[in-house]
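Protein sequences, first through last, are from chains D and W. The opening position of the first sequence corresponds to residue 15 in my numbering, with each subsequent residue numbered one higher. The opening position of the second sequence corresponds to residue 3 in my numbering, with each subsequent residue numbered one higher. Note that beta-carbon positions come from the ideal geometry of N, C-alpha and C, so glycine has one too. Before any comments, here is the structure.
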Amino acid sequence: EPEVTQTPSHQVTQMGQEVILRCVPISNHLYFYWYRQILGQKVEFLVSFYNNEISEKSEIFDDQFSVERPDGSNFTLKIRSTKLEDSAMYFCASSGDRNNQPQHFGDGTRLSIL
Amino acid sequence: DAKTTQPTSMDCAEGRAANLPCNHSTISGNEYVYWYRQIHSQGPQYIIHGLKNNETNEMASLIITEDRKSSTLILPHATLRDTAVYYCIVRDNAGNMLTFGGGTRLMVKP
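So this is what it looks like as structure tokens:
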């Protein structure tokens, strides 16, 4: 069964450094998403992406965050200058469309900011 | 904010049916009910979704009341591997995001 894959599984970064989290969505999907989950808290929506542009973003997704689909298969989340509070699990998801099709999630990247 | 209310936790005996309730009394006519689960800190796993008819797949059944104000996810024969947090999410068909609440922590016991 096709699945969403994320790399790396764990990323340790010094505060203030840039980090890029990578995702390979399911191949025929058109809608891409990033969510995060701080330890012990709820899963929170960050951003959705369609047709090479952001279609929706949350308040969390400020100027420090950016997303990109650099080629036909990868979808990336960049955090420009990481803060301690960015430490979380980051989940990528994709769906075939946004009407009545479920989002399928990867297993996440654990980001630890030191 | 999540538009659903779920019990915080439930127990179920292995091999028995697990019935997980969800209230969504403010659901609109174009909003679907989705169920996901999360095992440990893995990514949320899609289970099933429906609009107004009952649905069944290889993982579970979804029973939606006629007024659509509540639903029940049924795992027909729970196993230890079904221990997870189960999320009931209401999402309209034009919406991008899934809004996760606290979910129900299901513990399947031998």
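Hey, W:Gln-8 and W:Cys-24: beta-carbon distance below 7 Å or not?
yes
Under 8 Å (Cβ pairs) to chain W, residues found in the region 21-37 of chain D:
none
Considering Cα atoms alone, identify which of W:Ser-43, W:His-42, W:Val-35 is closest to W:Ile-49.
W:Val-35
List the DSSP bridge partners of W:Met-61.
Answer is none; W:Met-61 lacks a bridge partner.
Relative to the C-alpha of D:Val-38, which candidate in D:Asn-88, D:Ala-102, D:Gln-25 has its C-alpha closest?
D:Asn-88
Run the CB neighbour count on W:Ile-41, radius 10 Å, all protein chains shown included, and call it buried at 16 or more, exposed below.
exposed
Counting Cβ pairs closer than 8 Å, one from the region 102-116 of chain D and one from the region 28-44 of chain D, do we hit at least three?
yes
Start and end residues, beta strand (DSSP E) containing W:Pro-9
Per DSSP, W:Pro-9 belongs to no beta strand (DSSP E) and is neither H nor E.
For a contact meaning CB atoms closer than 7 Å, what does D:Val-146 contact in chain W?
No answer is possible for residue 146 of chain D: it lies beyond the span of chain D, which begins at 15 and ends at 128.
So does the region 75-82 of chain W actually touch the region 13-24 of chain W, counting three or more Cβ pairs closer than 8 Å?
yes
Taking CB distances under 7 Å as the criterion, tell me whether D:Gly-120 reaches chain W.
yes
Which residues in chain D have a C-beta closer than 7 Å to the C-beta of W:Met-12? List them in chain order.
Within chain D, no residue comes near W:Met-12; the closest Cβ sits about 18 Å away, beyond 7 Å.
Apart from the five residues just before and just after D:Pro-16, which ones in its own chain have a Cβ nearer than 6 Å to its Cβ?
Ile-40
Could you check whether the Cβ of W:Met-61 sits closer than 7 Å to any Cβ belonging to chain D?
no
Considering only C-alpha positions, which residue in the set W:Val-110, W:Ala-15, W:Arg-39 is nearest to W:Ile-102?
Residue identity differs from the one stated: residue 102 of chain W is Phe in this sequence, not Ile. With distances taken between Cα atoms, W:Phe-102 lies closest to W:Arg-39.
If the cut is a Cβ gap below 7 Å, which residues of chain D does W:Ser-73 touch?
Residues of chain D passing the Cβ test: none, with the nearest at roughly 16 Å.
For D:Leu-125, does the three-state DSSP call read helix, strand or coil?
strand
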